[in-house]
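Participant: Take a look at this one; I'll ask things after.
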Amino acid sequence: MPAAVCQCIRRGAAEWNDGVPMNAGASREWLSLVVRGRASVAPTIVEFTLALPDDSELPAFDPGAHLTLRTPAGLLRKYSLINPPGERNRYVIAVRRDANGGGGSVSMVDGLTTGAAIEVSVPENAFPLVGNARRYLFIAGGIGITPILGMVRHLCARRSAGERAPDFKLIYLTRSPADTAYRDELTSDLLRPLVDLHHDHGKPGEAFDPWPLLERPVAGTHVYCCGPRGLMDTVRDMTGHWPATSIHFESFGIGDTTLFEANRPFAIRLARSGATIEVAAEQTALEALHAHGCRVMSSCEAGSCGTCRTTYLAGDVEHRDLVLAEGEKADQIMVCVSRARGGVLELDL
Ligand code: FES
């Protein structure tokens with residue numbers, strides 16, 4: 018049974034990929050904000066504080082939420098909120114300058130100055146912190162610390178307010194101490210017992226091995242992972258024996274696309290109507306389906322939430338998601354990120 022059906026309603030549009038023309042995100046609500054401050058938090062990472070021009074209250078958000086920003090380069094990008102949800106007068110994000118990306122992050126870091134105006138979506142959340150956990154295990158790599166830092170700050174704020182908040186442990190993987198964003202905070206007296214920093218110094222032999230943490234599923238523990246593709250693939254592979262609802266990934270903007278084949282155009286055939294849709298090399302299958310008027314449900318649009326799961330009947334698929342188990346890949350596809358290597362992809366739509 019496909020989760021994606023042509024009559025379903027969706028919000029927003031797949032509008033943030035490098036090089037893909039923006040399509041205005043007609044169903045997304047936008048805010049005109051001002052940059053109140055910027056600060057370097059690691060050699061290639063800059064933190065931005067955004068607020069309304071009159072510093073009035075902003076729309077609420079939950080831990081794990083993100084904003085979509087229209088960057089100075091005109092490209093749309095998603096960035097996680099790193100301040101706790103209790104702060105209603107500002108949004109705080111951190112941006113890693115990716116010189117090999119499509120230009121969005123470079124334009125943010127090099128061109129977005131204090132006092133500048135920026136168009137920002139209302140917060141959305143494809144990586145929510147479940148409320149019924151007994152314990153959280155956070156695993157973050159590099160800039161993947163951003164959504165998880167927001168969660169950690171939220172839990173700490175709850176504790177400071179005298180609430181009973183679930184226990185947590187954060188494993189934060191970076192190349193070196195100097196490359197570790199928010200290191201002073203994460204090594205403070207408050208967080209030191211709850212945070213393990215691991216540095217691989219750029220040597221594969223020194224990479225962190227999460228298996229001892231993941232070998233035995235613990236009832237009530239939820240695992241949240243955000244980081245480079247290799248880290249998330251490793252955690253996914255090591256948690257196949259955990260309840261699927263206990264494992265959570267966030268991947269937008271930090272995927273290593275060099276792990277995949279170059280995009281090629283292909284065609285989608287809709288099995289139920291017989292219609293054929295062309296998918297250009299710079300388009301996602303989801304975008305092509307939407308352009309055809311086929312409404313497919315989506316949320317993260319980054320291959321990590323499972324919302325756009327669709328059954329396919331034929332095609333040579335390159336799976337790029339973080340959701341499907343090996344046994345599901347023979348007939349399931351996440352159309353927001355995965356695509357055919359060419360030829361025809363027949364969908365059960
Ligand atoms: Fe989240 Fe496709 S929309 S996996």
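Residues 18 to 366 in this note's numbering are what the sequence shown lists, from first letter to last.
Even for Gly, the Cβ is constructed at its ideal location relative to N, Cα and C.
Source: prediction; values computed, not measured.
Quick check: is any heavy atom of the ligand FES less than 6 Å from the C-beta of S316?
Facilitator: yes
Participant: Secondary structure at T85, three-state DSSP: helix, strand or coil?
Facilitator: Here T85 carries a strand assignment [DSSP, helix/strand/coil].
Participant: For T163, which residues from the same chain have a beta carbon less than 6 Å from its beta carbon, with the 5 sequence-adjacent residues on both sides left out?
Facilitator: Here the set comprises S97, I99, A111.
Participant: I'd like the span of the beta strand (DSSP E) that includes E363, first residue to last.
Facilitator: 361-364
Participant: Which one of A90, Y241, A302, R94 has the shortest CA to CA distance from H83?
Facilitator: R94
Participant: What is the rounded straight-line gap between the Cα of V51 and the Cα of R114?
Facilitator: 20 Å
Participant: In whole angstroms, give me the CA-to-CA distance for S57 and F185.
Facilitator: 27 Å
Participant: Would you list, in sequence order, the uninterrupted beta strand (DSSP E) runs of no fewer than 3 residues that lie entirely inside the segment 126-193?
Facilitator: Runs found: 134-138, 152-158, 184-191.
Participant: Do you know how far the Cα of N117 is from the Cα of M39?
Facilitator: Here M39 scores only 32 on pLDDT, less than 50, and its place in the model should not be relied on; the value that follows carries that caveat. Answer to the nearest angstrom: the Cα atoms are 20 Å apart.
Participant: Please state whether DSSP places A302 in a helix, a strand or coil.
Facilitator: helix
Participant: In three-state DSSP terms, what is S263?
Facilitator: helix
Participant: Looking at G81 and the ligand FES, is the gap between the Cβ and the nearest heavy atom below 6 Å?
Facilitator: no
Participant: Helix, strand or coil, according to DSSP, for G54 in the structure here?
Facilitator: DSSP places G54 in the strand class (E or B) of the three-state scheme.
Participant: State the start and end residues of the unbroken alpha helix (DSSP H) segment that holds E202.
Facilitator: Where E202 is concerned, the enclosing alpha helix (DSSP H) stretches over 200-203.
Participant: Hey, is the segment 59-71 in contact with the segment 189-208, meaning 3+ C-beta pairs nearer than 8 Å?
Facilitator: yes
Participant: Considering only C-alpha positions, which residue in the set G132, R55, S124 is nearest to V109?
Facilitator: R55
Participant: Taking the C-alpha atoms as reference points, what is the distance between M299 and P282?
Facilitator: Just to set this straight, residue 299 is Glu in the shown sequence, not Met. Approximately 8 Å between the Cα atoms of the pair.
Participant: Hey, would you say P140 sits closer than 7 Å to F78, going by beta carbons?
Facilitator: yes
Participant: Using only alpha-carbon positions, find the residue among V361, V126, A236, M351 that is nearest to A284.
Facilitator: For the residues V361, V126, A236, M351, the minimum Cα distance to A284 belongs to V361.
Participant: Which stretch, first to last residue, makes up the beta strand (DSSP E) that contains T238?
Facilitator: Per DSSP, T238 belongs to the beta strand (DSSP E) from 238-243.
Participant: If we ignore side chains and look at the alpha-carbon of each, how far apart do R253 and L339 end up?
Facilitator: The alpha-carbon atoms of R253 and L339 are separated by roughly 7 Å.
Participant: Tell me the rounded alpha-carbon separation between N142 and G81.
Facilitator: 6 Å
Participant: Report the CB separation of A150 from L187 in whole angstroms; it is logged as a contact under 8 Å.
Facilitator: Contact doesn't hold; Cβ gap of about 14 Å is too wide.
Participant: Are there three or more Cβ pairs, one per stretch, closer than 8 Å when the segment 320-327 is compared with the segment 262-269?
Facilitator: With contact defined as three or more Cβ pairs closer than 8 Å, the segment 320-327 and the segment 262-269 are in contact.
Participant: Let me confirm a value: H258 is counted as buried when at least 16 other C-beta atoms fall within 10 Å, else exposed. Which label applies?
Facilitator: exposed
Participant: My assumption, with CB atoms under 8 Å, is that A174 sits in contact with P101. Please give the rounded CB distance.
Facilitator: Contact between A174 and P101 is confirmed by a C-beta separation of about 5 Å, below the 8 Å threshold.
Participant: Is A284 helix, strand or coil by DSSP?
Facilitator: strand
Participant: Can you grab the Cα-Cα spacing for the pair G291 / P89, in whole Å?
Facilitator: 42 Å
Participant: Can you tell me whether E304 is buried or exposed, with buried defined as 16 or more other CB within 10 angstroms of its CB?
Facilitator: buried
Participant: Looking only at its chain, what residues have a beta carbon closer than 6 Å to the beta carbon of G120, apart from the 5 residues adjacent to it on each side?
Facilitator: A90
Participant: Tell me whether A41 sits in a helix, a strand or coil according to DSSP, three-state version.
Facilitator: Annotation note: pLDDT 32 at A41 (below 50); position unreliable, no value reported.
Participant: Can we count C353 as close to the ligand FES, meaning its CB is less than 6 Å from some heavy atom?
Facilitator: Checking every heavy atom of the ligand FES against the Cβ of C353, one is found closer than 6 Å.
Participant: Since L248 is in the alpha helix (DSSP H), which residue starts that stretch and which ends it?
Facilitator: 246-255
Participant: Tell me whether L231 sits in a helix, a strand or coil according to DSSP, three-state version.
Facilitator: helix
Participant: By DSSP, does E223 sit in helix, in strand, or in coil?
Facilitator: helix
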